[in-house]
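2 protein chains.
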Amino acid sequence: MQKPKDQLEVFKELLTRKGLKYTHERESIYEEVRAINHHFNADSLYERFKKRGERIARATVYRNLPLLLESGVVQKSAGNGKRDFYERTRTKGHHDHMVCLGCRKIIEFHSDELEQIQEQLSRKYKFKLVFHDHRLFGYCEKCQS
Amino acid sequence: MQKPKDQLEVFKELLTRKGLKYTHERESIYEEVRAINHHFNADSLYERFKKRGERIARATVYRNLPLLLESGVVQKSAGNGKRDFYERTRTKGHHDHMVCLGCRKIIEFHSDELEQIQEQLSRKYKFKLVFHDHRLFGYCEKCQS
DNA sequence: TCTCAATTGAGATTTAGTTTCAATAAGAAT
DNA sequence: ATTCTTATTGAAACTAAATCTCAATTGAGA
Ligand SMILES: [Mn+2]
Ligand SMILES: [Mn+2]
Ligand SMILES: [Zn+2]
Ligand SMILES: [Zn+2]
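Next comes the structure, spelled out in structure tokens:
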């Protein structure tokens, strides 16, 4: 019975593996991201720091999100625009998104089967899967009039 | 035994359904897109017209690709950058992409199972699926040193 | 043929994300 | 504790991609 490796550990390991440093800014960003329960993007995250008076540069936020993504602390999400959206992993567990072309509504879904097939395919192509972006575009029930 | 509805028909039907017109520009773009056998983006498509002296505005190309996407004439693809890439449907049949975070190499894959599950999920959520964007990010064999 | 909303071209504009570079900080080595 | 090397940061400039603006034009139904 082993204690599950916590996400901060994994994040730090990624940094080490890449020869990067665990800075105050990275600590703040890590913590903030873990506290958000919904979808967000780089700028909305930046605004949270700004609003509370914590000075972290916008560029720093942009620079670090990809690392959190790669370490699995956050996952790709979907928003109403075309910018990069994220959400904390394990808020509701991993899931993917359907985007309505009519009203931009987001429907979340999850399928273990789907996830497993992705793993299988990755193995087949000797691809080391880190994360994925899977969005279905179409029309929600309301918009199918 | 019914003749399969050709793609131009489907495109025209989409236009009609949306109250849009079948212009010369749309015709040109439709034909050009059908003639490209590889991945492309709005600008590379625009350049093809420019090079051969056919004047179609860049904005017109940008404006119309989403319609071709929605009608299924083209599908979302993946390129080396983060812009929107497309490719003609039925060049090699529908497929999705793995993107190497190391060298940006693109691996194409296809899985009927995966496609079926997407259909199932869409049905479950009463979502009318039009197209999807499914990309796996990770490291290709070479970049896993 | 008439009418009118949709479309286009050309350039300006917006948006999202990246780059630059001097100053600073992390953290390994001494 | 001090030195050293390299990564990191902030702030603003910049770039890339896509969208918007608006007057002139065109498609297609009446
Ligand atoms: Mn979500
Ligand atoms: Mn492809
Ligand atoms: Zn909708
Ligand atoms: Zn690679």
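Top to bottom, those sequences are chains Y and C. Okay, so the first sequence: first residue is 1 according to my numbering, each after it adds one. Okay, so the second sequence: first residue is 1 according to my numbering, each after it adds one. Yeah, the Cβ is synthetic: ideal placement off N, Cα and C, and Gly gets one too.
Between Y:Arg135 and C:Asp112, which are expected to be in contact by the criterion C-beta below 8 Å, what is the C-beta distance as a whole number of angstroms?
-> Their Cβ separation, rounded to whole angstroms, is 20 Å, which puts Y:Arg135 and C:Asp112 out of contact at 8 Å.
Kindly indicate the opening and closing residues of the beta strand (DSSP E) around C:Lys126.
-> Unbroken run through C:Lys126: none, as it is neither H nor E.
Find the nearest neighbour of Y:Asn37 within the set Y:Phe131, Y:Ser77 and Y:Lys124, judged by alpha-carbon distance.
-> Comparing Cα-Cα distances from Y:Asn37 to each of Y:Phe131, Y:Ser77 and Y:Lys124, the minimum goes to Y:Ser77.
Inter-residue spacing [alpha-carbon to alpha-carbon] between C:Cys100 and Y:Glu119 | 15 Å
Closest Cβ-Cβ distance between Y:Val130 and chain C: below 7 Å?
-> yes
Can you tell me where the alpha helix (DSSP H) with C:Arg63 in it begins and where it stops?
-> Unbroken alpha helix (DSSP H) run through C:Arg63: Arg58 to Glu70.
Measure from the alpha carbon of Y:Glu70 to the alpha carbon of each residue in Y:Tyr30, Y:Lys126 and Y:Leu121, then state which is nearest.
-> Of all alpha-carbon atoms in Y:Tyr30, Y:Lys126 and Y:Leu121, the one lying nearest the alpha-carbon of Y:Glu70 is that of Y:Tyr30.
CA-CA distance, C:Gly19 and C:Ala59?
-> 20 Å
Proximity to Y:Ile106 [Cα-Cα], best of Y:His95, Y:Leu114, Y:Glu115 and Y:Gln116 = Y:His95
Answer with yes or no whether the minimum CB distance from C:Ile106 to chain Y is below 7 Å.
-> no
Report yes if the CB atom of Y:Tyr86 is closer than 7 Å to the CB atom of Y:Val73, and no otherwise.
-> Their beta carbons are not under 7 Å apart, which means Y:Tyr86 does not touch Y:Val73 by this criterion.
Examine ligand 1 and report whether any of its heavy atoms sits within less than 6 Å of the Cβ of Y:Ser71.
-> Checking every heavy atom of ligand 1 against the Cβ of Y:Ser71, none is found closer than 6 Å.
Mind checking Y:Ala42: buried by the 16 CB within 10 Å criterion, or exposed?
-> Buried, by the Cβ-count rule.
By DSSP, does Y:Tyr22 sit in helix, in strand, or in coil?
-> Here Y:Tyr22 carries a coil assignment [DSSP, helix/strand/coil].
Should Y:Tyr139 go down as buried or exposed, given a rule of 16 or more other Cβ atoms within 10 Å for buried?
-> buried
Contacting positions in the stretch 7-28 of chain Y - beta carbon closer than 9 Å to chain C | none
Inspect the beta-carbon positions of Y:Leu129 and C:Phe109 and report whether they are closer than 7 Å.
-> no
From the DSSP output, which residues share a beta bridge with C:Arg88?
-> C:Val74
Consider the Cβ of C:Gly134: report whether some Cβ of chain Y lies at a distance smaller than 7 Å.
-> Note on identity: in this sequence residue 134 of chain C is His, with Gly being the wrong assignment. Interface residue (Cβ-Cβ distance to chain Y less than 7 Å): C:His134 is classified as such.
Given that a residue counts as buried once 16 or more other Cβ atoms are within 10 Å of its Cβ, and exposed if not, what is Y:Tyr22?
-> exposed
Interface residues of chain Y around C:Leu121 at Cβ under 7 Å?
-> Phe109 and Ser111
DSSP three-state call for C:Arg48: helix, strand or coil?
-> helix
Measure from the alpha carbon of C:Val61 to the alpha carbon of each residue in C:Gly53, C:Ser44 and C:Lys51, then state which is nearest.
-> When the alpha-carbon of C:Val61 is set against those of C:Gly53, C:Ser44 and C:Lys51, the nearest one is in C:Ser44.
Tell me, please, whether the CB atom of C:Gly79 is closer than 7 Å to any CB atom in chain Y?
-> Under the Cβ distance rule, C:Gly79 does not count among the residues neighbouring chain Y, no pair being separated by less than 7 Å.
Y:Ile107 - DSSP class collapsed to helix/strand/coil = strand
Is it buried or exposed for Y:Gln116, if we count other Cβ within 10 angstroms and need 16 for buried?
-> exposed
Going by other Cβ atoms of all chains shown within 10 Å of its Cβ, with 16 needed for buried, is C:Asn64 buried or exposed?
-> buried
Give the DSSP bridge partners of C:Leu136, in chain order.
-> Y:His132 and C:Met98
To the nearest angstrom, how far is it from the Cα of C:Gln7 to the Cα of Y:Ile56?
-> 51 Å
So which residues of chain Y does C:Lys126 contact, with C-beta pairs closer than 7 Å?
-> Glu141
If I'm right that C:Leu68 touches C:Val33 with Cβ under 8 Å, what's the distance once you round it to whole angstroms?
-> Confirmed, about 6 Å.
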